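Colleague: What follows is a single structure, and I will ask about it in a moment.
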Amino acid sequence: MDLDQAEQDVEAMFAAYAASIPADPSELATMKDGKLYELFVLAKLIDDLYSRGCIINFSGTTLKFKAGPGMIKTADPHFEVETPDGRTLYLFVDIEFLTMSRAALGVTDNSDRHELDIVLVKGAPAYPSHDEIVLGVECKSGAFSKALLKQALGVRREMSLLTPFERPSCLSDMGAIERRVRAEPASEFWVAHLDPAGSAYQDGPAFFGIDFRHIEP
1 MDLDQAEQDV EAMFAAYAAS IPADPSELAT MKDGKLYELF VLAKLIDDLY SRGCIINFSG
61 TTLKFKAGPG MIKTADPHFE VETPDGRTLY LFVDIEFLTM SRAALGVTDN SDRHELDIVL
121 VKGAPAYPSH DEIVLGVECK SGAFSKALLK QALGVRREMS LLTPFERPSC LSDMGAIERR
181 VRAEPASEFW VAHLDPAGSA YQDGPAFFGI DFRHIEP
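Following full-length UniProt numbering, the numbering of the sequence shown begins with 1 at its first residue and continues without gaps.
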């Protein structure tokens, strides 16, 4: 990964949305590659949402990563995304969501929540349910392997069911430029990967509405 380019892109994104870099720009230089990559992907996601007709505003002054995945706290810095039809969505990092199996069966053991590196949700509950997710992103900054493919398929299974035909995504139903998925709920799901080898795994997951994206500074 071109760390200098990633830092420049992240700084430009924060400047555009009147948010400060985590504490100060010097902290970017000490960030672990995985966290810096998440910030870089976040910047690219915001660009994508803007290109689809959304308006993005930052709520807070400093975006900081949690020590680990957890719940949504509305007091935490985040982005608010206004869709073309006027609805407000919320964009957070390092969030756990309540799985489909929990909703269907009342599962309450350690399998009842899964993490997403970046999540766009309809509301801002502590732990969003699977059907409140509009778009989720997993960020993979290391070497890509089939194990990561299996992980992505498992997360997708807890977000939505496979449908026989493609349909407009939730975000498309809110007026954004259309993308179609075979999923109910019709959430979008990105797997952002730094390793170009990840592109060799993308065709099968695409059937399940998983969008593999080689995103590299």
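Glycine residues also receive a C-beta, built at the ideal position from the N, C-alpha and C atoms. Note that the structure is a prediction, hence the values are computed from the model and not measured.
Excluding sequence positions up to five away, which residues of its chain have a Cβ less than 7 Å from the Cβ of Ile177?
Modeller: The residues are Arg52 and Gly53.
Colleague: Going along the chain, which residues of its own chain have a beta-carbon closer than 8 Å to the beta-carbon of Gly73, five neighbours each way excluded?
Modeller: The question names Gly, yet the displayed sequence has Lys at residue 73. Within the same chain, Lys73 has close Cβ partners Ala126.
Colleague: Just reading off the alpha helix (DSSP H) that Ser101 is part of, what are its end residues?
Modeller: Met100 to Leu105
Colleague: If you check the beta carbons only, do Phe212 and Val181 fall under 7 Å apart?
Modeller: no
Colleague: When we look at the beta-carbon of Ile55 and count the other beta-carbons within 10 Å, is it buried (16 or more) or exposed?
Modeller: exposed
Colleague: Out of Pro185, Leu36 and Leu42, which has the shortest C-alpha to C-alpha gap to Ser129?
Modeller: Pro185
Colleague: Counting only runs of 4+ residues fully inside the segment 85 to 146, write out the alpha helix (DSSP H) ranges in chain order.
Modeller: 100 to 105
Colleague: How many angstroms separate the CA atom of Ala183 from the CA atom of Phe207?
Modeller: For the pair Ala183 and Phe207, the Cα-to-Cα distance works out to about 10 Å.
Colleague: State the Cα-Cα distance for the pair Thr88 and Val81, rounded to the nearest angstrom.
Modeller: 6 Å
Colleague: List the DSSP bridge partners of Asp211.
Modeller: Asp211 is bridged to Trp190.
Colleague: Taking the alpha helix (DSSP H) that Ser172 falls in, what are its first and last residues?
Modeller: Cys170 to Asp173
Colleague: With a threshold of 6 Å (Cβ to nearest heavy atom), would Arg156 be considered close to the ligand ADP?
Modeller: As far as ligands go, the structure on display features none, and thus does not contain the ligand ADP.
Colleague: Specify, as a first and last residue, the run of the beta strand (DSSP E) that Phe58 falls within.
Modeller: Residues Ile55 to Ser59.
Colleague: Decide if the segment 104 to 121 is in contact with the segment 133 to 151; the criterion is three or more beta carbon pairs, one per stretch, under 8 Å apart.
Modeller: Between the segment 104 to 121 and the segment 133 to 151, the count of Cβ pairs shorter than 8 Å is three or higher; the stretches touch.
Colleague: For Asp94, is the classification buried or exposed, using 16 other Cβ atoms within 10 angstroms of its Cβ as the cut-off for buried?
Modeller: buried
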